[in-house]
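Student: Each residue of the sequence shown is one higher than the one before, counting from 201 in the working numbering.
Take a look at the following structure, please.
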Amino acid sequence: QVQLVESGGGLVQAGGSLRLSCAASGSIFAINVWGWYRQAPGKQRELVAAITRGGYRNYADSVTGRFTISRDSAKNKVYLEMNSLKPEDTAVYYCKGTVTVDVNYWGQGTQVTVSS
């Protein structure tokens, strides 16, 4: 089992920055891909950024150049640095740990609200 707890969300003005953290515990050695997802009201949950065990990163087109995903193995944390925030970035952000296609762990989410 893996437990994930997100933090760092909040209210920020457009153009501002936030850093989200995902604290992981449990059998984290089994995680192959770490990801950040978001879900806005009335919309489907979508991938924002992901990082593999080997350090490969990929980003949604809408956040490329503004968001950065990183991982601190020593602290068992995954981060999402968000810059140049836009109102359309408003959503609940979730941390996800993937073992296999069929085995995934999710955090409870953290709200990010960007005001115009």
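C-beta: ideal position from N, C-alpha, C; glycine also.
When burial is assigned at 16 or more other CB atoms within 10 Å of the CB, is E206 buried or exposed?
Tutor: Here residue 206 refers to the residue found at position 6 of the sequence shown. Buried.
Student: What number of angstroms, rounded off, separates the C-alpha of T264 from the C-alpha of G226?
Tutor: Here residue 264 is taken as the residue at index 64 of the sequence shown, counted from 1. Here residue 226 is taken as the residue at index 26 of the sequence shown, counted from 1. In a straight line, the C-alpha of T264 is about 31 Å away from that of G226.
Student: Helix, strand or coil for D272 per DSSP?
Tutor: On the sequence shown, position 72 is the one that residue 272 refers to. Residue state, collapsed to three classes: strand.
Student: Is the beta carbon of R257 closer than 7 Å to that of I269?
Tutor: Here residue 269 corresponds to residue number 69 of the sequence shown, with the count starting at 1. Here residue 257 corresponds to residue number 57 of the sequence shown, with the count starting at 1. Their beta carbons are under 7 Å apart, which means I269 touches R257 by this criterion.
Student: Give the secondary structure of A250 by DSSP, where H, G and I count as helix, E and B as strand, and everything else as coil.
Tutor: Residue mapping note: residue 250 aligns to position 50 of the sequence shown, counting from 1. Reduced to three states, the DSSP call for A250 is strand.
Student: Quick test of your reading: R238 and A291, contact by CB under 8 Å. State the CB separation rounded to the nearest angstrom.
Tutor: Within the sequence shown, numbered from 1, the residue matching residue 238 stands at position 38. Within the sequence shown, numbered from 1, the residue matching residue 291 stands at position 91. About 4 Å; that satisfies the 8 Å criterion.
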